[in-house]
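A.B. asks:
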Amino acid sequence: QAIYVLGALMGISGIAIMVAYALLTGEQDETE
Numbered sequence: 051q052a053i054y055v056l057g058a059l060m061g062i063s064g065i066a067i068m069v070a071y072a073l074l075t076g077e078q079d080e081t082e
């Protein structure tokens, strides 16, 4: 799941993207 890698690389902005992505896809199972 490259989106999480990109998120980590982009820091705070990446975290926002990760959250938005998780909400849009409904896949927050493997996120902590």
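Everything in the sequence shown is counted per the working numbering, starting at 51 for the first residue and increasing by one.
Every residue gets a Cβ at the ideal spot worked out from N, C-alpha and C, and that includes glycine.
1. Which of the three DSSP states is assigned to GLY76 in this structure?
2. Can you tell me which of the three DSSP states GLY64 falls into?
3. Given this structure, state the Cα-to-Cα distance separating GLN51 from ILE62, to the nearest angstrom.
C.D. replies: This is what the structure gives:
1. coil
2. helix
3. 18 Å
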